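Heads up, the sequence shown stops at 460 in the numbering used here, and the numbers go up one at a time, no gaps. No residue lacks a Cβ here, since even glycine has one placed at the ideal position from N, Cα and C. Note that the coordinates shown come from a computational prediction; the quantities given were computed from them, not determined experimentally.
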Amino acid sequence: MVINNTDSEVHARAGLTHIIEPNDLTGAALVQIAGAVEAYRLIREHVGKAPASEQQQVAELLDAHGADRAALRLDAGLERWRPRAQHTDPKADLLCMKHLDGGIMVPGNPNWPRGFEALGLSAPLALWFRGLGDQGILRDPGRLVAIVGSRDATEYGRTITAELVSGLRTRGICIVSGGAYGIDAQAHQSALAEEAPKDADTAGGLLPATIAVMAGGLNRLYPAGNDDLLKRVHRSGLLIAEVAPGATPSRWRFLQRNRLIAALCSVTVVSEARWRSGALSTARHAAEMGREVGAVPGSVFSANSAGCHRLIREGAATLVTDAAEVVEMLDLPLVDVSRPAESRFNKDTGFPSDHDGLAVQDLLLLDALPLRSPKSVDQLTAVAGLGIGSVLGGLSRLAAAGLAEQSKNGWIRRFPRGREPQRGAPEAP
């Protein structure tokens, strides 16, 4: 389905974010099958059972994504959506966000987060935003690092979080977190404390310091104790949410917010977390998408670090102790603003190379990708000499960077900057 950023599309998706809960697969399937405008009309105006054709197509799509279509019937969805549908007012919501230096972003928008591709059917229907930061940063997961952790942070957790953020900001990284108390608040606060580096990719524009992913509507900042901090985020960065203005934060929305944090970023770091901390769900979402996950170790006697130790012990996260080790995990070429501009370019061509900043395993996989005839994952494991897990994770990262593309027959190499000339070969006119 082709998505157009027309007024009717924006209006419909704005209304749907008020009606359909985050990660409601039935709603997402209906929008994918019928389109946002028709889905919005069907929910608001159709009476009785859902049309048979839509029911069948939604059921088949849910089956294809491994969902239980019996539990996610379209009729059941319409029944739970209709009570809300009569209270939607997309025009009022859009006007409200306009007054807050914000608006709504829908799929197809040039700044739509590229990282959301990893969510598939679980991707948000739209993204509300507010703030003075450049929205273009959202489409580049290689410049975004999530730092999350417990709400009851210790002095150790706050200190290591501040050090990580400081080191990442000097390298031009934007910090993403959830706006909550504890580690989240420390991550945002430390990012705001650093002078924003110049972003070489936006003609000297300022890179947003930090992004807060919220679980409720952006017209009311939550939690109330972080009101001043989140207003500072508004002035130097962005606040985003997938629910409409007026939506209250709930336990379900907090849990679903975590998948957005993980999808936005190339790397998620848990700096301090208890054994059952909600931050661990963010880390697990990231790992399931093939993204890099880091965890900071702490004292074996500290319950506040038990969750980090759990991630490391289970092999779900890499042990990290400073910002340099986090940068090593980034999967996209990264501009280091601490170095002179002339040192950021390939010495042979004068321009950045596709492979700049790639980890060794991803370089091996990149070299194994064919130029013409697609190869299967099994073939790539043999050619690259890597395990199946490394290949699957690497393909996800290379695809996000535009370096690999999947077809029905397998995977093939792509050149987002165009093919580099061979050494000694004449340059193309």
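DSSP places K262 within a helical segment (H, G or I) once states are collapsed to three. Non-local beta-carbon contacts of S302 in its own chain, meaning distances under 7 Å to residues more than five positions away in sequence, involve I178, G180, G188, I191, T192, L195, I214, V327 in chain order. Taken through DSSP and simplified to helix, strand or coil, Q117 comes out as coil. Taking 3 residues as the minimum length, the beta strand (DSSP E) runs contained wholly in the segment 138 to 203 are 158 to 161, 175 to 180, in order along the chain.
The straight-line gap separating the alpha-carbon atoms of V351 and G441 is approximately 34 Å. Secondary-structure assignment with DSSP links I135 through a beta bridge to W159. According to the DSSP assignment, R444 belongs to the beta strand (DSSP E) that extends over 441 to 444. DSSP links L269 through a beta bridge to I242. Here L411 has A399, V422 as same chain residues with Cβ atoms under 6 Å from its own Cβ, once five neighbours each way along the sequence are excluded.
Closest by C-alpha distance to W143, out of I168, A70, Q437, is I168. With a 10 Å radius around the Cβ and a threshold of 16 neighbouring Cβ atoms, V391 comes out exposed. The alpha helix (DSSP H) runs lying completely inside the segment 42 to 95 and spanning 4 residues or more are 56 to 65, 67 to 76, 83 to 95, given in chain order. Q287 and L426 have their alpha carbons spaced roughly 25 Å apart. Only residues of its own chain outside the window of five on either side were considered, and among them E303, P328, G329, S330 have a CB closer than 7 Å to the CB of S336, listed in chain order.
Counting only the Cα atoms, I204 lies some 28 Å from A275. Taking a contact as a CB-CB distance under 8 Å, the pair A60 and L92 counts as one, their CB atoms being some 5 Å apart. The beta carbon of L261 is closer than 7 Å to those of G210, A243, L252, L270 in its chain, skipping five residues each way along the sequence. The beta carbon of R266 sits closer than 8 Å to the beta carbons of G162, L163 from its chain, once the five residues preceding and following it are set aside; these are given in chain order. The alpha-carbon separation between E359 and A431 amounts to approximately 17 Å.
The bridge partners DSSP lists for A435 are R444. G198 and A354 have their C-alpha atoms spaced approximately 5 Å apart. Q217 and H118 have their C-alpha atoms spaced approximately 37 Å apart. Minimum Cα-Cα distance from A348 among the listed residues G247, A317, A334 corresponds to A317. Check the Cα spacing between L402 and each of E436, Q86, R444, R111: the tightest is with R444. In the DSSP assignment, G325 falls within the unbroken beta strand (DSSP E) covering 323 to 326.
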